[in-house]
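Counted from 1, the sequence shown has number 88 at position 59 by my numbering; the numbering is strictly sequential.
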Amino acid sequence: MLTARRAHLAVALVASAGLVPPLLWLAHTLVRGAVTGFYPYPFLDAGERGYPVALATCLGVAVLFLVLACAAARLDDRLSARRS
30 MLTARRAHLA VALVASAGLV PPLLWLAHTL VRGAVTGFYP YPFLDAGERG YPVALATCLG
90 VAVLFLVLAC AAARLDDRLS ARRS
């Protein structure tokens, strides 16, 4: 049986592993965009906006998704607590 500490550690490991593919995609996209001049989204266009702005926008999007995921987890906890 998982203790609460181990459960939180498991969630943290899964969340960390889930960050690897998006970060690799971002690095690939920025490098490819620098070479070809094509960026799939306007907010990633480092040639036009600059790398600091493009990376800050990506960080903002990541924070938004983190907040939404935390809100969904909290809502799930509350709804499952009602059923028990």
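Glycine included, each C-beta is placed from N, C-alpha and C at the ideal position. Note that the coordinates shown come from a computational prediction; the quantities given were computed from them, not determined experimentally.
{"Asked": "In this structure, how does DSSP classify F70 when only helix, strand and coil are distinguished?", "Found": "For clarity, residue 70 is Tyr in the given sequence; the question names Phe instead. Y70 falls in the coil class under three-state DSSP."}
{"Asked": "Taking C-alpha atoms, which residue in R111, A100 and L59 lies nearest to V82?", "Found": "L59"}
{"Asked": "Just curious, the alpha helix (DSSP H) that G76 is in, first and last residue?", "Found": "A75 to R78"}
{"Asked": "Anyone know if the C-beta pair for G66 and G76 falls short of 8 Å?", "Found": "yes"}
{"Asked": "Given a cut-off of 8 Å, decide if Y68 and G62 are closer than it, judged by their beta-carbon atoms.", "Found": "yes"}
{"Asked": "If you draw a straight line from the C-alpha of R103 to the C-alpha of P50, how long is it?", "Found": "25 Å"}
{"Asked": "With distances taken Cα to Cα, identify the nearest neighbour of A56 among L84, A41, V43 and V40.", "Found": "L84"}
{"Asked": "Can you give me the C-alpha to C-alpha distance between V43 and L52, rounded to a whole angstrom?", "Found": "15 Å"}
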